[in-house]
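Number of protein chains: 8
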Amino acid sequence: AVATVDLNRAARCGFPEVIFGPGKTPEAINEIAGRLLAHDQNVLATRIDPANATMILEKFPAARYNKIARTLRIDASSRNSEVGNVAVITAGTSDLPVAEEARETLDWMGVRATMVHDVGVAGPHRLPERLAEFAETDAIVVVAGMEGALPSVVGGYVRCPVFAVPTSVGYGANLGGLSALLSMLNSCASNVAVVNIDAGFKAGYLAGLVATRRDY
Amino acid sequence: AVATVDLNRAARCGFPEVIFGPGKTPEAINEIAGRLLAHDQNVLATRIDPANATMILEKFPAARYNKIARTLRIDASSRNSEVGNVAVITAGTSDLPVAEEARETLDWMGVRATMVHDVGVAGPHRLPERLAEFAETDAIVVVAGMEGALPSVVGGYVRCPVFAVPTSVGYGANLGGLSALLSMLNSCASNVAVVNIDAGFKAGYLAGLVATRRDY
Amino acid sequence: AVATVDLNRAARCGFPEVIFGPGKTPEAINEIAGRLLAHDQNVLATRIDPANATMILEKFPAARYNKIARTLRIDASSRNSEVGNVAVITAGTSDLPVAEEARETLDWMGVRATMVHDVGVAGPHRLPERLAEFAETDAIVVVAGMEGALPSVVGGYVRCPVFAVPTSVGYGANLGGLSALLSMLNSCASNVAVVNIDAGFKAGYLAGLVATRRDY
Amino acid sequence: AVATVDLNRAARCGFPEVIFGPGKTPEAINEIAGRLLAHDQNVLATRIDPANATMILEKFPAARYNKIARTLRIDASSRNSEVGNVAVITAGTSDLPVAEEARETLDWMGVRATMVHDVGVAGPHRLPERLAEFAETDAIVVVAGMEGALPSVVGGYVRCPVFAVPTSVGYGANLGGLSALLSMLNSCASNVAVVNIDAGFKAGYLAGLVATRRDY
Amino acid sequence: AVATVDLNRAARCGFPEVIFGPGKTPEAINEIAGRLLAHDQNVLATRIDPANATMILEKFPAARYNKIARTLRIDASSRNSEVGNVAVITAGTSDLPVAEEARETLDWMGVRATMVHDVGVAGPHRLPERLAEFAETDAIVVVAGMEGALPSVVGGYVRCPVFAVPTSVGYGANLGGLSALLSMLNSCASNVAVVNIDAGFKAGYLAGLVATRRDY
Amino acid sequence: AVATVDLNRAARCGFPEVIFGPGKTPEAINEIAGRLLAHDQNVLATRIDPANATMILEKFPAARYNKIARTLRIDASSRNSEVGNVAVITAGTSDLPVAEEARETLDWMGVRATMVHDVGVAGPHRLPERLAEFAETDAIVVVAGMEGALPSVVGGYVRCPVFAVPTSVGYGANLGGLSALLSMLNSCASNVAVVNIDAGFKAGYLAGLVATRRDY
Amino acid sequence: AVATVDLNRAARCGFPEVIFGPGKTPEAINEIAGRLLAHDQNVLATRIDPANATMILEKFPAARYNKIARTLRIDASSRNSEVGNVAVITAGTSDLPVAEEARETLDWMGVRATMVHDVGVAGPHRLPERLAEFAETDAIVVVAGMEGALPSVVGGYVRCPVFAVPTSVGYGANLGGLSALLSMLNSCASNVAVVNIDAGFKAGYLAGLVATRRDY
Amino acid sequence: AVATVDLNRAARCGFPEVIFGPGKTPEAINEIAGRLLAHDQNVLATRIDPANATMILEKFPAARYNKIARTLRIDASSRNSEVGNVAVITAGTSDLPVAEEARETLDWMGVRATMVHDVGVAGPHRLPERLAEFAETDAIVVVAGMEGALPSVVGGYVRCPVFAVPTSVGYGANLGGLSALLSMLNSCASNVAVVNIDAGFKAGYLAGLVATRRDY
Ligand SMILES: Nc1ncnc2c1ncn2[C@@H]1O[C@H](COP(=O)(O)O)[C@@H](O)[C@H]1O
Ligand SMILES: Nc1ncnc2c1ncn2[C@@H]1O[C@H](COP(=O)(O)O)[C@@H](O)[C@H]1O
Ligand SMILES: Nc1ncnc2c1ncn2[C@@H]1O[C@H](COP(=O)(O)O)[C@@H](O)[C@H]1O
Ligand SMILES: Nc1ncnc2c1ncn2[C@@H]1O[C@H](COP(=O)(O)O)[C@@H](O)[C@H]1O
Ligand SMILES: [Mg+2]
Ligand SMILES: [Mg+2]
Ligand SMILES: [Mg+2]
Ligand SMILES: [Mg+2]
Ligand SMILES: [Mg+2]
Ligand SMILES: [Mg+2]
Ligand SMILES: [Mg+2]
Ligand SMILES: [Mg+2]
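Protein chains in written order, with the working numbering: chain C, 3 to 218; chain W, 3 to 218; chain S, 3 to 218; chain X, 3 to 218; chain V, 3 to 218; chain A, 3 to 218; chain D, 3 to 218; chain P, 3 to 218.
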């Protein structure tokens, strides 16, 4: 077998293994999804392109594909009510797909998400106007490309952890997102942690972990 | 004045402004520390070299300098009892200074820290033997240089957020810590967030934020 | 002539010249392959795309194309029985093509290969469970993308050389495989040697050289 | 002769050649300064270390050395009254030396400079509180290290050009200032132009050019 | 809503928000454009590909698409007469698209632009022959790829600010424009400021800001 | 006009301006070629893709397109007999297109070229066997990808300048040719000069300049 | 305790843990060495600077410090006779320290080493003249800086694995050894594996593993 | 022996082996120099620091040390009269040491050198004023740091090969000379070849090879 599915992950880490789409055939994804469902684990697959999504939907008609986030979900059982409170904030409209991946992840974890879009630093009055929407959150995901300045500013206003996601939005010296990544790593705000470029899933997952901890 | 001390930081973000030592004269540090203390805020200064520490200790004899962590602390008021539970894990003995900076930060936040040292992947049996020491923590700080593999492995065993700190330990293709940094950003474990190279302070602060959230 | 085929390679180095596909027309590959076969040398060609493979198969109907590995083989003579024992281990399912290239190379060298798939560090219990499958090998090939942590862990369990192959699997800060490459170069395990990104052929060849040495 | 002093620079470009200190002996600097003074041009030399400054002061007792900015000035003639209005803003106290180099350059050009220090984004309320100090300027110099976010925010509040100077302040993934440099180049504010890392001279000069244009 | 249009930008910064095309659907662009027009602000959108342009033109038949510059403009009101004087200079013919983006931006700002094409340093007599065309300008935009040497030479001839735009023209060690970018940042001419690779819009905007300042 | 053709180049530099194809429309190329021919200068255009070549051939039926080198030539006058003697040596068959660009350039300059193909260092006996073919040359062009080792070895055998051309042949850590480029720049052979990645034109031109000097 | 010595390493991997010197106090090294000796394991410590060596020699007078290799050895028991046969080859005299580290490692493993010095490619006749010295070896270590070409050439002559060590010898574009590292990773010889820059220990260890395998 | 001196180099390549100083003890340098002199070959050693120079001068009192170039020369026999004609041009005064290394190399080869200093592009009228000094040379060495623009401009005026030497002069984004190196590699002048950063020796040697060819 080319896959050794980690069926024990949910028990060990709190949530099941998530399927990373790139480099896997739809058959392989179907097989892994089938095994997870057979063990009563809700499926989340990321970075699924539309062609593969179609083939997976044929096998699992109950699957839901989010074509902006490029995520695919299949529930093994009816879902729990939502807990916690996470805000997902974008710097610009072009950061939307990455923010959607974070939102889908939070939803799969059963965590409430509030979206605040397009409040980047070039219009610096926009963020403070919307402070109320994210002042009481357990954790915040901030998604930004280009200079990646927004997480530092958000960090300066709040008392919860900020999970910063650099995006590849931009051109030239953005170096495919490296510029935003470096910005966020060098943030002068103490409460900013960083994940990989375009890794909406990772930031959503980490924020979700923080938001669900109070339940233990 | 060359400094605009952010005295409102504690109210806004939960903890006071922390002094970044490099590029500041001891006089400047003394002035900022004095202002924080005058507002009843506990002082933490990082990356203080021994010569500057000596000069600051002259002004503030109650200050405590940790020469491994290169941190300096001055308390404004008697300290609270400890809350929460964070583990700080190192891959090798050479990662100790960065781990100590994280530990000092947690201590300044009033958070309990458990140290687990030198359990890197070249001796892969060492980590599982000590799982009990960090299984129940609120958050974990993992400090590793060279290939920076340890956070992924720790992440695979636990259900709390892992804050990974790449260190500059190593030589040649370690690129001053960039190799470990990239490793951690690309972690296949879902629960690993990353901070800057050698940024023990940041990881400690983030872990401390998570550990203190249950108190709200 | 645009090629100076190194027909003496087998005598000098133990195995014939291997054809590197990119940048060569199918005619050129056919010509080189023809010359090798005329000198009774088994042909291995790597990185052959499907269109070129079709044209080569027309000329050499006995050729075998592995479409996952993108290798092409044509035997000059009947093959020897297998010697030695090499394990090829992957971190994730997406590393399969590179592992297949290594396996084809070992097969061409007449070396036995054992495949162990999808045992990366995010599910850290998987590798130790399968130790028996690679404990007695002459050499091990470890194939991993993203943070490239697996070779260090494998190295920590075994007494033979580990040939680590970084793959381009991942995104963003994986930098097309550079992240995994750097990880492997900085391995704290003493027995890890490294080859180029996605270079399954190289790692297979080196492991095969070690595995066949006992025959001298 | 090892120098070909560009005595025509003032006529052609508006201001005389400025002496770049590194790699020049104090004798060479003295010679160039002497030639400029002989042609009635005010001398500005940058990046002069203290040892060289001492030797130059011996020859030109009227020279003034700014040991924070590491600039050296010698006036050929009495100075004009000041024109224009430029603000120099720093993100943190450690950016002071670079800001001072800009201030000295503006002073040498006869341009008024207003200094606004330590208003970086981690304390995001500080900048808007001081808007009045730089709302009416001809041009603004913004000096920031680490994530280099401040120029974008300043740019979002003003209608004049912003000349952003990345500094090498920070550590690890700041890459000696490259992180801040990339941030500024990718600024989503339209009015941000960038100069080299730590190039306070350049930003000051450009701002000074804009501030003195209304006099033509 | 996925967009928070900054309708206050014109009041605060002198010119309205400009639409960055990449990653936005034509519907999103139409919506933002509609809001700007409703507030009587002239629309400039950059990096619009032809397919999207067609869809936007269907909604706004008065829009004008420049297919070399890939800009799209829609006027809310009749345009003012032109003020100021900016030169846009290219090193080679291949730099034309970036120069056109700068020209469109200047036109949208109501600033006069003079184009001087293909006067790069390999034919060093060409630039001085055309000095008269840009000697009296308020600011100059210099567009160059490959070694990016032209801005320094232009800077050596003039007394106004030079806004240098590195382009991605070239191959191999041009690193997609990084080579030209680094050249320009290291310019030994004092009056050269730099913007992102291929950022004709930014350089045009900055030059336009300088050219329109005399009107205050 | 978008082009300022440097018609004086031949007089100043010995050979006419060469047309760099990328980013130019076929109309622009036709216009520049026409102007060169009208001034009796032989046309060489590089990096012309097949589609553009077809459109140029329609206008200039006497043009010759080399589809491997992607060069296009149009002679203004009958050609001179050949002078000098340059060798063009490749490491592998995949380096052929770059070598062909060098050969076309030499031919356009009227210089004799000897081609020696596929003698890279993995078969180290091949080069010394063919020493006689390049022992008496005026200059040598060595074209190599991957590790780019060949120029150093050639340099160790000869007394003339070696112009090394790194190619983008390879994968992974070849970084699109940067690996070979760095190798050549660090050559321990004293007589190795380097040009841009894949710049067969440049190396051919430089070798041609050396080979034609004896004629002055 | 700050160290978790891996006393089981010899049993698991064939040889004991090796002490990595940098970042460890002499006290820490003494403690680890003491524990290894107490378990009858021969001590090898690498990258020990002279000052630390002196302090360790005070505690362990039987220790031997190699000041060129900067290694330190302390034997727990009398040593075995030597087995196997490894050649260590340098490109230039400046590569000596790294070669010595490899030789010390092999000696600690009980493996015979043959040294062949200063046979780099700029004098290409030198290597073939000495082929007899390394034709029958089990494995070869090749140490080279600058362009790092030697491993490929050695690889072209032999049938055993070549472990290539890039060194930081050189300047400028050698990028502290990255140039040689990239060369070796891109070697067109099939039998070249690579270790970190200046990692004589690693290459020696790997060659020693191969050389001692025939004993099983 | 740790050195295998290439005594045949002069016969094979026209000039003897040159001693690369870094990483060699004075004893090693003395030994190599002694062997070269014993074979009647003139010694040139580069990158010799003053302390080593003193020790070498004790052994060879006739040696001459150039403390700016850091070269050391010892003649085996009386020197020939000079041939050929090479110009060495610098952009700024700080490039002097590298230019001196080139001049010493040319002198050692018996080639006449003309020095033209400090004619960089910020004062663009300086170079054309001095064209007569280098119009008739066999080859030109151009030495420049910062943006490295000068070689392209020189190349645009002349008909001989230009050997460009990037220097590490500058700061910040000069990346230790990489910026100038990249500029030169991307030169749009056809006649510019490049050597390593600060490699005055290499450029001098190559120019000397061209200048001495007419003697064959
Ligand atoms: N020079 C060296 N280069 C790379 N790894 C080394 C070196 N010396 C020792 N090591 C490895 O470093 C590990 C010890 O790391 P630490 O726990 O930090 O002392 C051991 O497992 C060795 O295999
Ligand atoms: N393949 C090439 N590589 C580098 N430079 C080239 C190439 N082909 C032409 N050139 C140069 O590009 C210049 C023309 O640039 P442009 O004005 O953009 O057409 C000429 O001066 C040539 O010297
Ligand atoms: N400054 C220098 N830059 C580059 N190569 C040099 C330099 N000086 C000497 N060399 C070369 O280095 C080689 C000697 O290397 P090694 O055997 O390490 O002494 C000689 O063949 C010279 O061609
Ligand atoms: N701190 C600085 N940063 C960048 N350029 C400078 C600086 N100081 C002086 N310059 C420029 O450097 C040039 C002098 O270079 P040089 O001929 O090497 O002395 C002058 O034209 C100045 O414009
Ligand atoms: Mg927006
Ligand atoms: Mg240890
Ligand atoms: Mg898996
Ligand atoms: Mg501050
Ligand atoms: Mg042109
Ligand atoms: Mg071949
Ligand atoms: Mg030597
Ligand atoms: Mg000068």
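Using N, Cα and C, we set each Cβ at its ideal position, and we do this for glycine too.
Closer than 9 Å at the C-beta level to chain C, one finds these residues of the region 161-192 of chain X: G172, Y173, G174, A175, N176, L177, L180, S181, A182, L183, L184, S185, M186, L187, N188, S189, C190, A191, S192. Linking Y159(V) to V118(P) through their CA atoms gives a straight-line distance of about 21 Å. Going by DSSP, R49(A) is part of no beta strand (DSSP E) at all; its letter is neither H nor E. In the three-state reduction of the DSSP assignment, I91(P) falls in the strand class, which pools E and B. In chain order, the residues that have a beta carbon nearer than 5 Å to some heavy atom of ligand 9 are G94(V), D120(V).
Using a 10 angstroms sphere on the CB of T169(A), the tally of other CB atoms reaches 16 or more, which defines it as buried. With a cutoff of 8 Å on beta-carbon distance, N198(D) and A175(W) are scored as near each other. Take the alpha-carbon of P24(X) and the one of S96(C): they are about 44 Å apart. Bounds of the alpha helix (DSSP H) holding T214(V) are 202-215.
The continuous alpha helix (DSSP H) containing N32(A) extends over residues 28-40. The three-state secondary structure of G178(V), taken from DSSP, is helix. Annotated three-state conformation of G157(V) is helix, per DSSP. Under a criterion of Cβ atoms nearer than 8 Å, the residues of chain C adjacent to V196(W) are, in order, L187, A195, V196, V197. In terms of side-chain proximity, the C-beta atom of A191(S) is found no nearer than 7 Å to any non-hydrogen atom of ligand 6. The continuous alpha helix (DSSP H) containing L98(A) extends over residues 98-111. Proximity of chain S to T6(C) at the Cβ level (cut-off 8 Å) is accounted for by H119, D120, V121, G125, R128, in chain order. Neighbourhood of S96(D) in chain P, by CB distance below 8 Å: F22, P24, G25, K26, in chain order. For A93(V), the closest alpha carbon among the candidates G125(A), D8(A), V156(A), A191(A) is that of D8(A). Remark: three or more beta-carbon pairs, one from each stretch, lie closer than 8 Å, so the region 70-84 of chain D and the region 105-116 of chain D are flagged as touching.
The beta carbon of G206(P) sits no closer than 7 Å to any heavy atom of ligand 3.
Scanning D51(X), V20(X), V144(X), V123(X) for the CA closest to the CA of V100(X) turns up V144(X).
Contacts with chain A at 8 Å (Cβ-Cβ) include A30(S). About 6 Å separates the CB atoms of V164(V) and V156(V); that is less than 8 Å, so the two are in contact. Burial of T214(C) is indicated by the presence of at least 16 other C-beta atoms within 10 angstroms of its C-beta.
Among the residues of chain V, none has a CB under 8 Å from the CB of E131(P); the nearest is roughly 12 Å distant. For P168(A), there is no enclosing alpha helix (DSSP H); the residue is part of the beta strand (DSSP E) that begins and ends at 164-168. In the structure shown, N68(V) falls within a strand segment according to DSSP collapsed to helix, strand and coil.
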